[in-house]
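This report refers to the structure that appears directly beneath it.
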Amino acid sequence: MYVCLLLVSFLADTDDGTVDIDPYYFKTAAASSEGGGGAPPGAHWVLRFQKLKKLHKELTRYYTEALGHRLPSAAPNLTMIAKDSNVEESIKLVKIIVAAAVQSDRREDYIKYIQDLSPISQTELMGVINQMMEIDAAEKIRVEGPGPEQSKTEETDMDQFRMEEEMARLVAEKEAVEAKNRALEKRLGSLQSDFDENQSHLLVLQDQLSSGAVDQGYANRTDPMMRSQLDQLQSDVQKLEDVIAEKENTIHGHESVISSLNRRVDDLLPKAEAGMKYKDDLDEANHTIDKLKKGQNVAEKYRRKLEGMGELERQVKVNTTHIFSTISLNFIISPIFCSVPHMAFFWHEFRL
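Read in order, the letters of the sequence shown correspond to residues -16 to -1, 1 to 336 in mature numbering (1 follows the signal peptide of the UniProt record, and there is no 0).
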């Protein structure tokens, strides 16, 4: 998928791409492009997720409502695209963009652009377009209107998006708390170092004051100054102890928040996996329903053919009955005509 991989590298320009497809319909994207072009390359992945979610929603509405086509049941995983730059899920999104472009009002411009590409690129793009067309044709075999299975699929997709958004929010909140906690631990280490230094200086001063080796006259002169320094150091130490206690309480609170967020993420992961399993089962059931509907259509055709054959058999029976009636009448009338002298010749000519 060389062309799709090439397009994935330009996912940052998807807003401009959709605006180019239909500026009137994607006017929200146009406004965001004029306002700054979305999140910068180094922005947090949650911002990219929000941007991709908005793009996918508008693109889905345009493809289904404006163009009147149906999307594949397997929607792209926007979380994997935004957080991990997953190539496979990005290709799913790019396929929708390519299909929307070649079926929009500007399709002739895009077709000319495709024709100017290399043969390999043209082949890859045509494969993507044909695949989307086949999906649309298969979906149109179903009964028109939102059937129960389609409503379930849309509801499952919405649940999956809500779950992904909640998980993204929790993970982002957890990362923010962890970053703040690391900063507090660094600050706490610095304060602890200052506290140890001041404590050491305080002990030295206390030893000097209590030592009898100091000259009494010099001690009398320096005693007030030392007392002042000692009081100041004691005050600084007390302040540092208060700050350290406060930071330790804050860190403890953050650790509790992190533990709570970890539990919520762990609770959501099985639900997300179960949701994906249910979605796969629903897709398989929809595929089975499509096969059954196709078989029903074939059976209906054969039933009509059998009904036509029944009508033909009835007509054959009527014609056979009419022939037998004519033959019986012939056997009855023939002796009568032959018994009449001048009618035998005419009867013979009539039969010929």
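Each residue gets a CB set at the ideal place from its N, CA and C atoms; glycine is no exception.
Exercise for the section: Identify whether G52 lies in helix, strand or coil by the three-state DSSP scheme. Expected result: coil
Exercise for the section: Could you tell me the boundaries of the alpha helix (DSSP H) in which H40 lies? Expected result: 29 to 45
Exercise for the section: Answer yes or no: do L36 and I65 have a C-beta to C-beta separation smaller than 9 Å? Expected result: yes
Handout entry: Under the three-state DSSP convention, the category N70 falls into
Key = coil
Practice task
Please name the residue, chosen from S69, K301, L39, P56, that lies closest to W29 on a Cα-to-Cα basis.
Solution key: S69
Problem - Residue range of the unbroken alpha helix (DSSP H) whose run includes D93 - result: 91 to 99
Handout entry: the stretch 176 to 186 touching the stretch 221 to 230, judged by at least three CB pairs closer than 8 Å
Key = yes
Handout entry: For N182, the three-state DSSP class (helix, strand or coil)
Key = helix
Problem - residue 339 - DSSP class collapsed to helix/strand/coil - result: A query on residue 339 cannot be resolved here, the shown segment of the chain reaching from -16 to 336 and no further.
Exercise for the section: Tell me, please, whether the stretch 85 to 96 touches the stretch 155 to 168 by the rule of three or more beta-carbon pairs shorter than 8 Å. Expected result: no
Handout entry: the stretch 75 to 89 touching the stretch 279 to 288, judged by at least three CB pairs closer than 8 Å
Key = no
Practice task
Can you tell me which of the three DSSP states N61 falls into?
Solution key: coil
Handout entry: Close Cβ partners of L217 (< 8 Å) along its chain, the five nearest in sequence each way excluded
Key = N182, H185, L186, L189
Handout entry: DSSP-derived helix/strand/coil call for S102
Key = coil
Exercise for the section: Confirm, please, whether the CB-CB distance from L55 to I119 is below 9 Å. Expected result: yes
Problem - Through-space distance from N165 to I235, alpha-carbon basis - result: 6 Å
Practice task
Output yes or no for whether 9 Å exceeds the beta carbon distance between E42 and P60.
Solution key: no
Exercise for the section: Under 8 Å by Cβ, that's how I've got I98 and Q106 pegged, so tell me the actual separation to the nearest angstrom. Expected result: 6 Å
Exercise for the section: Give every residue of the same chain whose Cβ lies closer than 8 Å to the Cβ of E257, excluding the five residues on either side of it in the sequence, and list them in chain order. Expected result: none
Practice task
Please state whether DSSP places Q87 in a helix, a strand or coil.
Solution key: coil
Exercise for the section: Could you check if K275 is buried or exposed, using at least 16 other CB atoms within 10 Å of its CB as the buried criterion? Expected result: exposed
Handout entry: Rounded C-alpha distance that separates V(-14) from L77
Key = Confidence at V(-14) is low in this model, with a pLDDT of 39, below 50, so its placement is unreliable and no value can be given for it.
Problem - Straight-line Cα distance separating K263 from residue 367 - result: For residue 367 there is no data in the structure shown, the boundaries of the chain being -16 and 336.
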